[in-house]
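Q: Per the UniProt record's numbering: the sequence shown = residues 1 to 443. Glycine included, each C-beta is placed from N, C-alpha and C at the ideal position. Note that the structure is a prediction, hence the values are computed from the model and not measured. Below you'll find the structure I mean.
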Amino acid sequence: MQAEPKNSLVGEEYEVEVGPVAHGGHCVARTAEGQVLFVRHALPGEKVVARVTEGEEGARFLRADAVTILDPSKDRVEAPCPFAGPGRCGGCDWQHAKPGAQRRLKGEVIAEQLKRLAGLTPEEAGWDGTVMPAEGDKLPAGEVPAWRTRVQYAVDPDSGRAGLRRHRSHEVEPVDHCMIAAPGVTELGIERRDWPGMASVEAIAATGSQDRQVILTPRPGARLPLVELDKLVSVLRVEEKDGGVHRVHGRPFVRERADGRTYRVGNGGFWQVHPKAADALVTAVMQGLFPRKGETALDLYCGVGLFAGAIADRVGDEGAVLGIESGKRAVEDARHNLASFDRVRIEQGKVESVLPRTGITEVDVIVLDPPRAGAGKQTVRHLTGLGARRIAYVACDPAALARDLGYFREGGYKVRMLRAFDLFPMTHHVECVAILEPAAKGR
Numbered sequence: 001m002q003a004e005p006k007n008s009l010v011g012e013e014y015e016v017e018v019g020p021v022a023h024g025g026h027c028v029a030r031t032a033e034g035q036v037l038f039v040r041h042a043l044p045g046e047k048v049v050a051r052v053t054e055g056e057e058g059a060r061f062l063r064a065d066a067v068t069i070l071d072p073s074k075d076r077v078e079a080p081c082p083f084a085g086p087g088r089c090g091g092c093d094w095q096h097a098k099p100g101a102q103r104r105l106k107g108e109v110i111a112e113q114l115k116r117l118a119g120l121t122p123e124e125a126g127w128d129g130t131v132m133p134a135e136g137d138k139l140p141a142g143e144v145p146a147w148r149t150r151v152q153y154a155v156d157p158d159s160g161r162a163g164l165r166r167h168r169s170h171e172v173e174p175v176d177h178c179m180i181a182a183p184g185v186t187e188l189g190i191e192r193r194d195w196p197g198m199a200s201v202e203a204i205a206a207t208g209s210q211d212r213q214v215i216l217t218p219r220p221g222a223r224l225p226l227v228e229l230d231k232l233v234s235v236l237r238v239e240e241k242d243g244g245v246h247r248v249h250g251r252p253f254v255r256e257r258a259d260g261r262t263y264r265v266g267n268g269g270f271w272q273v274h275p276k277a278a279d280a281l282v283t284a285v286m287q288g289l290f291p292r293k294g295e296t297a298l299d300l301y302c303g304v305g306l307f308a309g310a311i312a313d314r315v316g317d318e319g320a321v322l323g324i325e326s327g328k329r330a331v332e333d334a335r336h337n338l339a340s341f342d343r344v345r346i347e348q349g350k351v352e353s354v355l356p357r358t359g360i361t362e363v364d365v366i367v368l369d370p371p372r373a374g375a376g377k378q379t380v381r382h383l384t385g386l387g388a389r390r391i392a393y394v395a396c397d398p399a400a401l402a403r404d405l406g407y408f409r410e411g412g413y414k415v416r417m418l419r420a421f422d423l424f425p426m427t428h429h430v431e432c433v434a435i436l437e438p439a440a441k442g443r
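Put into structure tokens, the structure is as follows:
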């Protein structure tokens, strides 16, 4: 027996009072009938008309956009970007909020996740509740920091023009510029060119070097177009058959710089997107761990070796660092980047698989920078058994961080300090660094 089809509520409008911000960049509201709405383009305390964008009768919640602001918040500003707003570009969440308000909202999300998933107050986490802007990003309302050194443009299949995807959609919003793109990306002129046959064009502007790179993803069966850009770039392509990234022209890597060291990052591999992020995070991690000469360390999910290099500099020739990373090309880059250190070793594989095989039973300090999903219970349980005097957890998702901090508490560790950084202005994303130590040790 088939269930009766439910009626879509897309397009329905509700006048609502907007409640608190939630994890994911939207605010929570309820209709007069009690139906939960996750509302974008709104701010807490506002009265708005919300138009449903996703959902049907009987759903646990509906997604909606605030299309009319009846009673605006004092934190509201006119979005400086002409492509922001309901139904438009999905790249930014909070163009309509003052910069200080954006950071407060991120802080509220972190605090709520800590309480709900880890049972911690900000005080218990050693956090003052603030989210710090990156150096140079503290700008007046209406001004936008141009911070994004990597931008992936979607290409409209009909026009061949590059744009940015709309929120939770495959539709492409045509743009002639992106306000949060770093100058090194903007100067390439990606948006002013036609890209026939391409599904996406990713632009990378390295920090600390003049390296520029474009990664092309063709549609099935398409050839690469001949396109002249405004600056000299290396060109890579994503292969249809294996999804691998291969060199077309120029270097297959860019050179990034952080903590006084140059890092090779190949084939569009991971590197922090904000130009100040790598240095800010290394500083926070090193201040928290305070590695000492002769100590042993683990760098988990180590990427191209950013933290491993910083720790190796500090533990010296008598110390030792083991990095673990799953990406083959990232491991190659990490080994190249850290070749001058005799006591640094990089192993390839998933952390949960490689770590038990190392036979390591104790270590002095640990840094982990897992993907958005976090480290998980199995890995955390293993780490708490290694007796590290300090652990640094770098996280881009406050929910995954809070969940894992709860696991660390179960394993006998407490949070000594937490710092939060606004490394993704205009979006809901936030970066955190938590420093942990054995609970038996005094603060």
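How should proline 20 be labelled, buried or exposed, when 16 other C-beta atoms within 10 angstroms of its C-beta is the threshold for buried?
A: Here residue 20 corresponds to residue number 20 of the sequence shown, with the count starting at 1. Flag for proline 20 reads exposed.
Q: Drop a sphere of 10 angstroms on the beta-carbon of phenylalanine 61, count the other beta-carbons inside from all chains shown, and report buried for 16 or more, exposed for fewer.
A: Position 61 of the sequence shown, counted from the first residue, corresponds to residue 61. Label assigned to phenylalanine 61: exposed.
Q: How far does the beta strand (DSSP E) with arginine 40 in it reach, from first residue to last?
A: Working through the sequence shown from its first residue, we reach residue 40 at position 40. Start and end: 36 to 40.
Q: What do you get for alanine 440, buried or exposed, if any count of 16 or more other CB atoms within 10 angstroms of its CB means buried?
A: What you label residue 440 is simply residue 440 of the sequence shown in a count that begins at 1. It counts as exposed.
Q: For glutamate 295 and lysine 377, what's the separation of their Cα atoms in angstroms?
A: Along the sequence shown, one-based indexing puts residue 295 at 295. Along the sequence shown, one-based indexing puts residue 377 at 377. About 26 Å.
Q: Looking only at C-alpha atoms, which of Gly244, His249, Arg219 and Trp195 sits nearest to arginine 212?
A: As a first step, residue 212 must be located in the sequence shown, where it is residue number 212. That would be His249, whose Cα lies nearest to the Cα of arginine 212.
Q: Return the bridge partner residues of phenylalanine 61 from the DSSP annotation.
A: For this step, residue 61 is matched to residue 61 along the sequence shown. Phenylalanine 61 is bridged to Val36.
Q: Take every Cβ of the stretch 95 to 106, pair it with every Cβ of the stretch 64 to 80, and state whether three or more of those distances are shorter than 8 Å.
A: Taking 8 Å as the limit for Cβ pairs, the verdict is that the stretch 64 to 80 does touch the stretch 95 to 106.
Q: Using CA coordinates, which residue listed in Val185, Met179 and Glu191 is at the minimum distance from valine 172?
A: Residue 172 sits at position 172 when you count from the first residue of the sequence shown. Considering only alpha carbons, the answer is Glu191.
Q: Note down, in chain order, each residue of its chain lying with its Cβ closer than 7 Å to the Cβ of arginine 443, except the 5 sequence neighbours on either side.
A: Position 443 of the sequence shown, counted from the first residue, corresponds to residue 443. Here the model assigns arginine 443 a pLDDT of 42, short of 50, so the residue's position is not dependable and the matter cannot be decided.
Q: Restricting to Cα atoms, I'd like to know which of Gly327, Leu322, Leu229 and Leu226 is closest to glycine 268.
A: In the sequence shown, residue 268 corresponds to position 268, counting from 1. Out of Gly327, Leu322, Leu229 and Leu226, Gly327 has the C-alpha closest to the C-alpha of glycine 268.
Q: Please state whether DSSP places isoleucine 324 in a helix, a strand or coil.
A: Working through the sequence shown from its first residue, we reach residue 324 at position 324. Strand at isoleucine 324.
Q: For valine 363, which residues of its own chain have a beta-carbon under 7 Å away from its beta-carbon, when the five flanking residues on both sides are left out?
A: Start at 1 with the first residue of the sequence shown, and residue 363 comes out as number 363. Within the same chain, valine 363 has close Cβ partners Thr296, Ala297, Leu298, Leu386 and Ala388.
Q: Would you kindly work out how many angstroms separate the C-alpha atoms of glutamate 108 and glutamate 135, rounded to a whole number?
A: Here residue 108 refers to the residue found at position 108 when the sequence shown is read from its first residue. Here residue 135 refers to the residue found at position 135 when the sequence shown is read from its first residue. Their backbone Cα atoms lie some 22 Å apart in a straight line.
Q: Looking at the secondary structure, which residues open and close the beta strand (DSSP E) in which tyrosine 14 lies?
A: As a working note, residue 14 is residue 14 in the sequence shown. 13 to 21 is the extent of the beta strand (DSSP E) around tyrosine 14.
Q: Can you grab the Cα-Cα spacing for the pair aspartate 194 / glycine 160, in whole Å?
A: The residue given as residue 194 occupies position 194 in the sequence shown. The residue given as residue 160 occupies position 160 in the sequence shown. Straight-line Cα distance between these residues: approximately 5 Å.
Q: Between the stretch 143 to 157 and the stretch 119 to 127, can you find at least three pairs of beta-carbon atoms closer than 8 Å?
A: Output reads no: the stretch 143 to 157 does not touch the stretch 119 to 127.
Q: Buried or exposed for glutamine 210, going by 16 or more other Cβ atoms inside 10 Å?
A: For this step, residue 210 is matched to residue 210 along the sequence shown. Exposed is the call here.
Q: Quick one: give me the first and last residue of the beta strand (DSSP E) that phenylalanine 253 is part of.
A: Here residue 253 refers to the residue found at position 253 of the sequence shown. Residues 253 to 258.
Q: Is the CB-CB distance between proline 218 and glycine 197 below 8 Å?
A: Numbered from its first residue, the sequence shown carries residue 218 at position 218. Numbered from its first residue, the sequence shown carries residue 197 at position 197. Yes, the pair counts as a contact, with Cβ atoms nearer than the cut-off.
Q: Have a look at threonine 262 and alanine 280 and give me their C-alpha separation to the nearest angstrom.
A: By 1-based counting over the sequence shown, the position of residue 262 is 262. By 1-based counting over the sequence shown, the position of residue 280 is 280. Each residue's alpha carbon lies about 16 Å from the other.
Q: So glycine 309 is in the beta strand (DSSP E); what residue range does that whole segment cover?
A: Taking the first residue of the sequence shown as position 1, residue 309 is located at position 309. Unbroken run through glycine 309 is the alpha helix (DSSP H), 306 to 315; no beta strand (DSSP E).
Q: Can you tell me whether proline 220 is buried or exposed, with buried defined as 16 or more other CB within 10 angstroms of its CB?
A: As a working note, residue 220 is residue 220 in the sequence shown. With fewer than 16 Cβ atoms within 10 Å of its Cβ, proline 220 is classed as exposed.
Q: Measuring straight from C-alpha to C-alpha, what distance separates valine 18 and lysine 138?
A: As a first step, residue 18 must be located in the sequence shown, where it is residue number 18. As a first step, residue 138 must be located in the sequence shown, where it is residue number 138. Roughly 27 Å between the two C-alpha positions.
Q: Does the Cβ-Cβ distance between leucine 432 and isoleucine 180 come in under 8 Å?
A: Locating residue 432 in the sequence shown gives position 432, counting from the first residue. Locating residue 180 in the sequence shown gives position 180, counting from the first residue. It is worth fixing the name first, because residue 432 is cysteine in this sequence and not leucine. No, Cβ-Cβ distance for cysteine 432 and isoleucine 180 is not below 8 Å.
Q: If contacts are defined as beta-carbon pairs under 8 Å, then tyrosine 407 and leucine 368 qualify, I think. What distance do you get, rounded to the angstrom?
A: Within the sequence shown, residue 407 is the residue found at index 407, counting from 1. Within the sequence shown, residue 368 is the residue found at index 368, counting from 1. Between leucine 368 and tyrosine 407 the Cβ distance is about 12 Å, and since that is not below 8 Å, they are no contact.
Q: Go through its chain and collect everything with a Cβ distance to leucine 105's Cβ below 6 Å, but skip five positions before and after it.
A: Looking up residue 105 in the sequence shown gives position 105. Around leucine 105: Val21.
Q: Checking contacts by CB at 8 Å: is isoleucine 311 closer than that to chain B?
A: As a matter of chain content, chain B is missing from the structure shown, which is built from one protein chain.
Q: Are the CB atoms of valine 52 and alanine 66 nearer to each other than 8 Å?
A: Looking up residue 52 in the sequence shown gives position 52. Looking up residue 66 in the sequence shown gives position 66. The answer is no: Cβ separation not under 8 Å.
Q: Identify whether methionine 1 lies in helix, strand or coil by the three-state DSSP scheme.
A: Sequence index remark: in the sequence shown, residue 1 carries index 1 (1-based). Its pLDDT being 42, under 50, methionine 1 is placed unreliably by the model, and the measurement read from it follows with that caveat. Methionine 1 falls in the coil class under three-state DSSP.
Q: Compute the Euclidean distance between the alpha carbons of glutamate 4 and valine 354, then round it to the nearest angstrom.
A: Position 4 of the sequence shown, counting from 1, holds the residue named residue 4. Position 354 of the sequence shown, counting from 1, holds the residue named residue 354. Annotation note: pLDDT 48 at glutamate 4 (below 50); position unreliable, no value reported.
Q: Determine the closest residue to tyrosine 301 out of Phe270, Met286 and Arg314, with distance taken between C-alpha atoms.
A: Locating residue 301 in the sequence shown gives position 301, where the first residue counts as 1. When each option's Cα is compared against that of tyrosine 301, the closest is Phe270.
Q: At which residues does the beta strand (DSSP E) containing threonine 296 begin and terminate?
A: Here the question's residue 296 lines up with position 296 in the sequence shown. Residues 296 to 300.
Q: From Ala50, Ala59, Ala312 and Phe253, pick the residue whose C-alpha is nearest to that of arginine 40; which is it?
A: The residue you call residue 40 lines up with position 40 of the sequence shown. Minimum Cα distance to arginine 40 is reached at Ala50.
Q: From lysine 231 to cysteine 396, what distance separates their C-alpha atoms?
A: Position 231 of the sequence shown, counted from the first residue, corresponds to residue 231. Position 396 of the sequence shown, counted from the first residue, corresponds to residue 396. Each residue's alpha carbon lies about 32 Å from the other.
Q: Nearest to alanine 206 by alpha carbon, out of Phe290, Arg264, Ser200 and Val238?
A: Position 206 of the sequence shown holds residue 206. If we check each option's Cα against that of alanine 206, Arg264 comes out closest.
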